[in-house]
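Report on the structure given below.
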Amino acid sequence: MPNKRVVMRVLWDVLRLSAESDLSVRGIGRALGISHSTVLGYLRRAKAAGVHWPLPEGMPEAKLKALLYGPPEVAKETRPLPDWSEVERKMQVKGFTRRLMWERYRRDHSDGYGYSKFCALYSAWKKEFGQVTVPMDHPAGHSAFVDYAGMRLEAIDQLTRKRRRVETFVGVLGFSNYLYVEATWTQRLGDWLGSHRRMFEYFGAVPSYVVCDNLKSGVRKAHRYDPEINPSYQDLAMHYKTVVVPTRPGKPRDKAKVEQAVLHAERRILAPLSDKRFIGLAHVNRHIRVHLKELNERPFQKLEGSRKSWFDTWERSAMKPLPAEPYEHAEWRKAKVHRDAHIEVRWHRYSVPYRYVGRSVQVRLTDTTLEVFFDDKRVATHPRSHQKGVTTKDEHMPDSQRQLKDTSRFVTEAERIGPDTHKVVQQIIDAERHPLIRYRTLMGLLRLARIYGKSRMENACTRAIAIGTRSYRSIASILKNGLDKHPLDSVSPPPIDHDNIRGPSYYDTKSDSPHQTSKD
Numbered sequence: 003m004p005n006k007r008v009v010m011r012v013l014w015d016v017l018r019l020s021a022e023s024d025l026s027v028r029g030i031g032r033a034l035g036i037s038h039s040t041v042l043g044y045l046r047r048a049k050a051a052g053v054h055w056p057l058p059e060g061m062p063e064a065k066l067k068a069l070l071y072g073p074p075e076v077a078k079e080t081r082p083l084p085d086w087s088e089v090e091r092k093m094q095v096k097g098f099t100r101r102l103m104w105e106r107y108r109r110d111h112s113d114g115y116g117y118s119k120f121c122a123l124y125s126a127w128k129k130e131f132g133q134v135t136v137p138m139d140h141p142a143g144h145s146a147f148v149d150y151a152g153m154r155l156e157a158i159d160q161l162t163r164k165r166r167r168v169e170t171f172v173g174v175l176g177f178s179n180y181l182y183v184e185a186t187w188t189q190r191l192g193d194w195l196g197s198h199r200r201m202f203e204y205f206g207a208v209p210s211y212v213v214c215d216n217l218k219s220g221v222r223k224a225h226r227y228d229p230e231i232n233p234s235y236q237d238l239a240m241h242y243k244t245v246v247v248p249t250r251p252g253k254p255r256d257k258a259k260v261e262q263a264v265l266h267a268e269r270r271i272l273a274p275l276s277d278k279r280f281i282g283l284a285h286v287n288r289h290i291r292v293h294l295k296e297l298n299e300r301p302f303q304k305l306e307g308s309r310k311s312w313f314d315t316w317e318r319s320a321m322k323p324l325p326a327e328p329y330e331h332a333e334w335r336k337a338k339v340h341r342d343a344h345i346e347v348r349w350h351r352y353s354v355p356y357r358y359v360g361r362s363v364q365v366r367l368t369d370t371t372l373e374v375f376f377d378d379k380r381v382a383t384h385p386r387s388h389q390k391g392v393t394t395k396d397e398h399m400p401d402s403q404r405q406l407k408d409t410s411r412f413v414t415e416a417e418r419i420g421p422d423t424h425k426v427v428q429q430i431i432d433a434e435r436h437p438l439i440r441y442r443t444l445m446g447l448l449r450l451a452r453i454y455g456k457s458r459m460e461n462a463c464t465r466a467i468a469i470g471t472r473s474y475r476s477i478a479s480i481l482k483n484g485l486d487k488h489p490l491d492s493v494s495p496p497p498i499d500h501d502n503i504r505g506p507s508y509y510d511t512k513s514d515s516p517h518q519t520s521k522d
């Protein structure tokens with residue numbers, strides 16, 4: 003490699019000969035012993051840098067070189083670099099951190115960069131080539147984020163006397179980071195909705211939006227654009243005049259706020275309580291409330307104030323007021339309206355306007371009320387019954403069925419058939435049965451009379467009275483098997499007379515002993 007000073011000397015000579023002689027580029031090259039392309043390169047650099055001969059007196063070599071070739075190059079690093087796009091992809095997965103990715107990098111490249119340089123290079127790459135990340139904005143009173151913590155405490159169930167793990171519900175407001183934490187036995191729908199109600203009561207107000215993960219209790223079907231919300235969860239949102247917004251599948255930034263809140267709850271509340279013994283949920287939640295109060299009142303590290311002061315000062319006033327009445331948990335079911343204009347819910351039948359026969363309806367159940375909806379319109383309301391039976395409103399029935407209570411025509415026809423048929427019909431009418439069921443039974447009996455004739459019908463009813471039954475099935479069985487044609491004496495066999503069988507005198511109170519019989 004030629005000496006640097008020699009190179010600079012040649013450069014000066016090229017500039018001097020070009021300005022003071024009439025030599026061509028090739029002639030200058032032959033005179034200096036260099037190629038004509040090198041001479042041409044020097045002259046082009048000088049022209050681009052605005053350098054002319056004669057050079058300014060006393061110009062140092064370093065300055066001339068900087069003018070022609072730019073600042074001195076820094077020696078390039080030769081250490082291996084990781085695949086930054088792969089690092090970026092892994093960092094989107096829960097549990098992967100920069101240190102974990104650096105440790106994997108050093109495992110494959112023992113001569114690689116240290117952790118600080120790795121982080122700096124990754125940040126520089128992400129700034130230039132990575133996906134642009136827009137900070138999420140959470141105005142005061144705008145949104146609350148809810149989820150369950152992964153860490154779980156244990157408590158003794160007072161009903162079973164066994165130890166059970168409890169779930170931990172966590173809610174956090176987006177602006178102030180004000181937290182709500184409580185323990186429940188399960189993540190099922192009843193506990194999920196109850197935790198929301200108690201969270202709103204703890205805040206004393208309601209945010210405009212509730213952002214939840216795609217838990218089955220809250221979201222029936224997750225979808226990026228059109229998620230299907232559980233009807234009971236939607237009912238709660240309507241009651242509190244808020245909106246449920248499920249997180250988008252595969253978008254961890256949507257729930258970053260609640261994941262941070264869960265982390266605080268686990269570190270500041272659950273971990274300190276993990277070695278304690280609890281009896282029942284109430285005991286667990288009393289201890290949680292103590293630590294929750296401390297966490298919400300703990301001063302911020304880099305900001306003035308605390309979660310509670312920010313909530314009291316800015317966020318509470320920006321939220322919606324609580325409704326006058328707390329939410330009552332409702333269960334939603336689907337049902338089909340039967341031909342008799344009734345639906346069946348948990349072994350009880352409720353009437354629905356007859357025009358909805360054959361239609362599928364939505365049923366809303368509370369402890370006290372049953373409501374029926376069709377196309378989001380309420381079409382029927384009944385008091386909730388927890389027993390078998392039928393509840394009917396006359397206005398739900400068509401005109402032809404409103405006369406079900408009028409049984410006079412059945413009585414008239416039964417009298418024409420015979421006295422025993424009339425007696426059976428009257429017993430059916432007097433029984434405390436629903437009009438629809440009574441109507442069907444009477445219609446069935448008259449149909450049997452038309453099929454088998456009045457005489458056989460009367461004999462069948464006589465036999466039914468003798469054996470103590472009045473049901474349609476029994477009378478139909480008698481007629482089908484021809485038992486009405488047999489003498490009535492065949493209903494029960496004659497009494498057996500035998501010395502070893504005790505007679506009425508065995509229990510005669512006039513005898514000396516109820517357990518003694520007279521001997522011949």
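Numbering of the sequence shown is given in this note's numbering, commencing with residue 3 and proceeding in unit increments.
Quick reminder that beta carbons are idealized off the backbone N, C-alpha and C, glycines included.
Computed from a predicted model, the values in this text were never measured in an experiment.
Given a cut-off of 8 angstroms, decide if residue j and residue i are closer than it, judged by their beta-carbon atoms.
{"i": "L450", "j": "L481", "result": "yes"}
{"i": "V12", "j": "L42", "result": "no"}
{"i": "I271", "j": "L238", "result": "no"}
{"i": "Y115", "j": "R101", "result": "no"}
{"i": "L195", "j": "Y235", "result": "yes"}
{"i": "A207", "j": "L324", "result": "yes"}
{"i": "V374", "j": "A382", "result": "yes"}
{"i": "V260", "j": "V172", "result": "yes"}
{"i": "T249", "j": "P209", "result": "no"}
{"i": "A478", "j": "R472", "result": "no"}
{"i": "E296", "j": "M153", "result": "no"}
{"i": "A524", "j": "T423", "result": "This structure gives no information on residue 524, because the portion of the chain shown stretches from 3 to 522."}
{"i": "R418", "j": "I430", "result": "no"}
Out of curiosity, what's the CA-to-CA distance linking residue i and residue j?
{"i": "V354", "j": "T371", "result": "15 angstroms"}
{"i": "R341", "j": "Y352", "result": "13 angstroms"}
{"i": "Y474", "j": "A462", "result": "11 angstroms"}
{"i": "N179", "j": "V212", "result": "14 angstroms"}
{"i": "E105", "j": "A126", "result": "19 angstroms"}
{"i": "A157", "j": "K164", "result": "8 angstroms"}
{"i": "W14", "j": "I30", "result": "12 angstroms"}
{"i": "N232", "j": "V365", "result": "14 angstroms"}
{"i": "P58", "j": "K65", "result": "11 angstroms"}
{"i": "Y358", "j": "E327", "result": "32 angstroms"}
{"i": "R531", "j": "K304", "result": "Within the shown structure, residues of the chain are numbered from 3 to 522, placing residue 531 beyond reach of any answer."}
{"i": "K338", "j": "L191", "result": "24 angstroms"}
{"i": "Y182", "j": "L217", "result": "18 angstroms"}
{"i": "R361", "j": "T170", "result": "41 angstroms"}
{"i": "D277", "j": "L155", "result": "9 angstroms"}
{"i": "S410", "j": "D396", "result": "19 angstroms"}
Applying the criterion that 16 or more other CB atoms from any shown protein chain within 10 Å of the CB defines a buried residue, is residue i buried or exposed?
{"i": "P4", "result": "With a pLDDT of 47 at P4, under the threshold of 50, the modelled position of that residue is not reliable, and the figure given next carries that caveat. Exposed: under 16 other Cβ atoms inside 10 Å."}
{"i": "E88", "result": "exposed"}
{"i": "E299", "result": "exposed"}
{"i": "T99", "result": "exposed"}
{"i": "H198", "result": "buried"}
{"i": "E184", "result": "buried"}
{"i": "N287", "result": "buried"}
{"i": "H225", "result": "Note that H225 scores a pLDDT of 48, beneath 50, so its modelled location is shaky and nothing firm can be said."}
{"i": "T443", "result": "buried"}
{"i": "K49", "result": "exposed"}
{"i": "P385", "result": "exposed"}
Less than 6 angstroms between C-beta atoms, sequence neighbours within five positions excluded: which residues of the same chain meet that for residue i?
{"i": "W55", "result": "L17, R18, A21"}
{"i": "H289", "result": "L275"}
{"i": "T368", "result": "E330, A332"}
{"i": "I453", "result": "none"}
{"i": "R28", "result": "H38"}
{"i": "F280", "result": "A157, V286"}
{"i": "P496", "result": "In this predicted model, P496 has a pLDDT of only 47, less than 50, meaning its place in the structure is not dependable; the value taken from the coordinates is given anyway. Around P496: no qualifying Cβ."}
Taking DSSP's pairing of strands, which residues face residue i in a bridge?
{"i": "E373", "result": "R366, T383"}
{"i": "E184", "result": "F171"}
{"i": "K49", "result": "Beta-bridge pairing links K49 to no other residue."}
{"i": "V392", "result": "R351"}
{"i": "W334", "result": "R366"}
To which residues of the same chain is residue i closer than 7 angstroms at the C-beta, ignoring the five residues directly before and after it?
{"i": "R606", "result": "A question about residue 606 goes unanswered here, because the residues of the chain that appear run from 3 up to 522."}
{"i": "V264", "result": "D149, A151, V172"}
{"i": "S476", "result": "A466"}
{"i": "Q189", "result": "Y150, E169, L217, S219"}
{"i": "M459", "result": "I419, T423, L450, A451"}
{"i": "C121", "result": "R100"}
{"i": "F302", "result": "S308"}
Beta-carbon within less than 8 angstroms of residue i's beta-carbon, same chain only, minus the 5 sequence neighbours each way: which residues are those?
{"i": "V363", "result": "K336, A337, K338, V339, I345, V354, V374, F375, F376, V381"}
{"i": "V413", "result": "H424, V427, Q428, I431"}
Does chain B have any CB closer than 8 angstroms to the CB of residue i?
{"i": "Y211", "result": "No chain B appears in this structure, which consists of one protein chain only."}
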